[in-house]
Amino acid sequence: MVGSYYGSASPHETFRTLIDFYQSGKLEIGGLALRTYSLDEINEAYDELERGADGRGVIVFEGVN
Numbered sequence: 339m340v341g342s343y344y345g346s347a348s349p350h351e352t353f354r355t356l357i358d359f360y361q362s363g364k365l366e367i368g369g370l371a372l373r374t375y376s377l378d379e380i381n382e383a384y385d386e387l388e389r390g391a392d393g394r395g396v397i398v399f400e401g402v403n
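Reminder that position 24 of the sequence shown reads as 362 in the numbering used here, one-by-one numbering, no gaps.
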């Protein structure tokens, strides 16, 4: 994997590569999200973000793969 410098990466190619790495087990992302929120909890997620309480929250959309 090569880093990008000031946006020089192609998102279409880069995201596809990251997804492939994740699916093949070469990229572990499980520890990146500190908390997950449902879509119903989005206001709570933003409140915590503004307070700096949650550095890496993820909104989970149920039924979306």
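Every residue, glycine too, gets a C-beta built ideally from N, C-alpha and C. Since the model is a prediction, treat every value here as computed from it, not as a measurement.
Helix or strand or just coil, what does DSSP make of residue i?
| i | result |
| --- | --- |
| residue 367 | coil |
| residue 373 | strand |
Pull up the CB-CB distance for residue i and residue j, whole angstroms please, since I reckon it's below 8 Å.
| i | j | result |
| --- | --- | --- |
| residue 394 | residue 372 | 5 Å |
| residue 398 | residue 375 | 7 Å |
Report whether the distance from the Cβ of residue i to the nearest heavy atom of the ligand FMN is below 7 Å.
| i | result |
| --- | --- |
| residue 373 | With respect to the ligand FMN, the structure offers nothing, as it holds no ligand at all. |
Can residue i and residue j be called in contact, C-beta distance under 8 Å?
| i | j | result |
| --- | --- | --- |
| residue 370 | residue 356 | no |
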